[in-house]
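A short worksheet on the structure shown next.
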Amino acid sequence: MNVHAAIARAKRQTMAPPPDAAALFAAIPAACMLLDSENRFRAANQAAEQFFAHSLSQLRQHALADFIDHDSPIFRMIDKARSHDATVSERDMNFEGPRISHRGVAVQAVPVAEEPGSVMLVVSDWSATRALDRQLSSRQAARSVAGMAAILAHEVKNPLSGIRGAAQLLEHSVADSDRELAVLIRDEADRIRALVDRMEMFGDKPIERTAVNIHRVLDHVRRLAQSGFAAHLRVTESYDPSLPPVWGNRDLLVQVLLNLVKNAAEAMSDAGLGSDTGGGEIILTTGYQPGVRLAAPHATEPLNLPLVVTVRDTGPGIPPDVEKNLFDPFVTTKSGGSGLGLALVAKIIGDHGGLIEVDSKPGRTEFRIFLPVFPEEREAAPAARG
Ligand SMILES: Nc1ncnc2c1ncn2[C@@H]1O[C@H](COP(=O)(O)OP(=O)(O)O)[C@@H](O)[C@H]1O
Ligand SMILES: [Mg+2]
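Using the numbering used here, the letters of the sequence shown correspond one by one to residues -9 to 376.
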């Protein structure tokens, strides 16, 4: 490049007009909205449209109270920003109401000097990033389970099958009064064996993925549940029929959903909820949410996980003492529980490049899974749909 061209280029760069404020506002990744003195929406950027799942023109016909419960502390924050004429921030807040549920968002309420009474609300949703962080740490724990399982498989399985075989022989030769003991030994040996088998599933084998119709997976799981452990519960479905196929492993996804539905059923049964007693319900939903694209701190590229599958129940909620380590192995509140279900769920979702997050309070527990779409360019390759 000659000197003149370089100067011309430098000039163009320095002289280029700055992008206009509206474009900048639209591009801010946090949900930004301008509320008037009655907390009605006056302006909202793209992130805010996504956050409320409403377009700007729709939002303009609403007030914030149409989306968020009236007793939410957010309204006190906004009032405070107005009355003190100062920015008010809250790092960890829940946005919940009839139309939305966003837990763990950071909120700033900023009074706008040019528009007396107006407040700019800036909402950053960290929940997905946080879920990813948590998933990564559970994954570490899952790895150590895999290592332990390898040792167990080696050191325990062989002697165990010896014990089992011996107990089986005894069953046929001992007196009736002692047969019960022999059966007990055999059953317990089977239980240990099943545990080791489950732990072995944490191994680091790469997964095989094809285009999977998630609705068929959900139907299968629902049928299994309703003919077995969830026979006494209502299972309802709310699917987005236009959903593109998931890029996933059908059998593993069945395992994930079965674990979640089973946990939901167990939580409700333990609380005495059933269709005869009323109130016990499992709700399965699917949806498309192109907004779930985040540059996670540990990820090398932004994740694009537009498929959302949720399993919700009306049970008592996750006990607070397990909530923090929910996805770690061996965390359980059940007397016969292994605590491996959700650890395996997190591992499988992680292997899919997906995310799982959970919201729970008494009467409403929701697991949300974000999954990748089957990439179009693979369409040409022969792939089993199912
Ligand atoms: N839908 C739910 N409602 C209430 N608690 C739940 C739910 N799902 C999971 N939990 C809690 O999380 C714990 C861990 O679940 P999981 O990893 O599947 O192990 P396990 O089912 O063997 O206990 C459960 O023991 C239970 O306390
Ligand atoms: Mg379980």
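Every residue, glycine too, gets a C-beta built ideally from N, C-alpha and C.
| Item | Value |
| --- | --- |
| Please state whether DSSP places His162 in a helix, a strand or coil. | helix |
| To the nearest whole angstrom, what separates the beta carbons of Ala136 and Asp194, a pair I think is in contact under 8 Å? | 6 Å |
| So, are the CB atoms of Leu54 and Asn29 less than 8 Å apart? | yes |
| Output the distance between the C-alpha atoms of Phe357 and Asn35, rounded to the nearest integer angstrom. | 28 Å |
| Excluding the 5 residues flanking Trp116 on each side, which residues of the same chain have their C-beta closer than 8 Å to its C-beta? | Gly94, Val95, Ala96 |
| Would you check if the distance between the CB atom of Gly340 and the CB atom of Thr304 is smaller than 8 Å? | no |
| What's the gap between the Cα of Glu227 and the Cα of Leu248? | 15 Å |
| State yes or no: is the C-beta of Leu295 within less than 8 Å of the C-beta of Gly344? | yes |
| Residues near ligand 3, CB to any non-hydrogen atom under 5 Å, in chain order? | This structure does not include ligand 3; its bound ligands are ligand 1 and ligand 2. |
| Measuring alpha carbon to alpha carbon, tell me which residue in Gln98, Asp166, His44, Met191 is nearest Leu330. | Met191 |
| For Ala285, does the three-state DSSP call read helix, strand or coil? | Since pLDDT at Ala285 reaches only 48, below the 50 mark, its modelled position is unreliable, and the value read off the structure follows with that caveat. DSSP places Ala285 in coil when its eight states are reduced to three. |
| Which one of Pro280, Leu174, Gly107 has the shortest CA to CA distance from Glu39? | Pro280 |
| Does at least one heavy atom of ligand 1 sit under 7 Å from the Cβ of Val225? | no |
| When the Cα atoms are used, what is the spatial distance from Arg240 to Val207? | 7 Å |
| What's the call for Val164, buried or exposed, on a 16-neighbour Cβ count within 10 Å? | exposed |
| With burial defined as no fewer than 16 other Cβ atoms inside 10 Å of the residue's Cβ, what is the status of Asp75: buried or exposed? | exposed |
| For Val146, which of Asp180, Thr119, Ala17 has the nearest alpha-carbon? | Asp180 |
| Evaluate His144 with the Cβ neighbour count: other Cβ atoms within 10 Å of its Cβ, from every protein chain shown; 16 or more gives buried, anything less gives exposed. | exposed |
| Measure the alpha-carbon distance for Met83 versus Ser350 and round it to whole angstroms. | 15 Å |
| First and last residue of the alpha helix (DSSP H) that includes Phe357? | No alpha helix (DSSP H) holds Phe357; the beta strand (DSSP E) holding it covers 354 to 361. |
| Just to check, is the beta-carbon of Leu316 closer than 7 Å to a non-hydrogen atom of ligand 1? | yes |
| By DSSP, does Ala140 sit in helix, in strand, or in coil? | helix |
| In terms of residue numbering, what span does the alpha helix (DSSP H) encompassing Leu247 cover? | 240 to 260 |
| Alpha carbon to alpha carbon, how far is Pro372 from Leu233? | At Pro372 the pLDDT is 49, less than 50, meaning the model places this residue with poor confidence and gives no usable figure here. |
| Who are the near neighbours of Ala16 in its chain, counting only those whose CB is closer than 8 Å to its CB and skipping five residues on each side? | Asn35, Gln36 |
| Using the Cα positions of Glu313 and Pro235, report the straight-line distance between them to the nearest angstrom. | 31 Å |
| Examine ligand 1 and report whether any of its heavy atoms sits within less than 7 Å of the Cβ of Pro309. | yes |
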